[in-house]
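Those protein sequence lines, which keep their order, are chains A and B.
First residue of the first sequence: 946, per my numbering; consecutive thereafter.
First residue of the second sequence: 60, per my numbering; consecutive thereafter.
All residues carry an ideal CB built from backbone N, CA and C; glycine is no exception.
Notes to accompany the following structure.
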Amino acid sequence: GNSVTQMEGPVTLSEEAFLTINCTYTATGYPSLFWYVQYPGEGLQLLLKATKADDKGSNKGFEATYRKETTSFHLEKGSVQVSDSAVYFCALFTGGFKTIFGAGTRLFVKA
Amino acid sequence: NAGVTQTPKFQVLKTGQSMTLQCAQDMNHNSMYWYRQDPGMGLRLIYYSASEGTTDKGEVPNGYNVSRLNKREFSLRLESAAPSQTSVYFCASSEEGSGRGETQYFGPGTRLLVL
């Protein structure tokens, strides 16, 4: 069946460090891929998305490229800030109204 | 715009009690969703409503019922709460209702503890 696997956290980085959060998926067909972010005490909000192979989604300095050959959608940011501390969810949509979310990766950024 | 609002923010129930979680959106969205979030498991879909007047089961519907009261409101009811339903519940909405994976907008969540 369809599934999303993302790296376990927590990930702890110093301010201005490079961030990678890995996400791989299993799906039939041509899914759309998303990264959502959840700040403390809040609901999830869309960070970026990509709807077809080789698309790059980007927002607020974060990027992710839809790689069909490696079934991956890794999240990257060149220089993290304390305000980026949150939980990041990779998500997969293959059809109907059902989005499959990964388990989430908690990021801590130290000043 | 308030976006998606949920009440209550926090609730403690005893096993066997019932309660209704309320959700409303002011974005004129067609589709609405209820998820539960458990540690290490991401979000799992309980029920969704593709459009006003329709509801369908998601991945984990057992023990829950829903009502799409109108286009704005989508409630989740626990008829007889169980400790396994201790979780954080999120309501979400999306615009088009085409089922093509458009962006979902989430409420702040309801934290439920069942003793």
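In terms of Cβ geometry, T169 (chain B) and Q70 (chain B) form a close pair [threshold 8 Å]. Taking C-beta atoms as the reference points, T114 (chain B) and Y106 (chain B) count as a pair closer than 8 Å. Only those residues of the segment 77-108 of chain B whose C-beta falls short of 7 Å from the nearest C-beta of chain A are listed: S90, G99, M100, G101, L102, L104 and Y107.
For E1021 (chain A), the uninterrupted beta strand (DSSP E) run begins and ends at L1020 to K1022, by DSSP.
At a beta-carbon threshold of 9 Å, none of the residues of chain B lie near Q1026 (chain A); the nearest stands roughly 23 Å away. For a cut-off of 8 Å, the C-beta gap from G954 (chain A) to R1051 (chain A) is around 4 Å, short enough to register as a contact. For F1007 (chain A), no chain B residue has a C-beta closer than 9 Å to its own C-beta; the minimum C-beta separation is roughly 15 Å.
K997 (chain A) has a beta carbon lying at 8 Å or more from every beta carbon in chain B. Note on geometry: alpha-carbon atoms of A995 (chain A) and Q76 (chain B) lie some 43 Å from one another. Residues of the same chain with a CB within less than 7 Å of the CB of T66 (chain B), apart from the 5 flanking positions on each side, are Q81 in chain order. Membership of T169 (chain B) in the beta strand (DSSP E) is indicated by the continuous run T169 to V173. Three or more Cβ pairs drawn from the segment 963-980 of chain A and the segment 1017-1028 of chain A lie within less than 8 Å of each other, which places the two stretches in contact.
S977 (chain A) places its beta carbon less than 8 Å from that of G160 (chain B).
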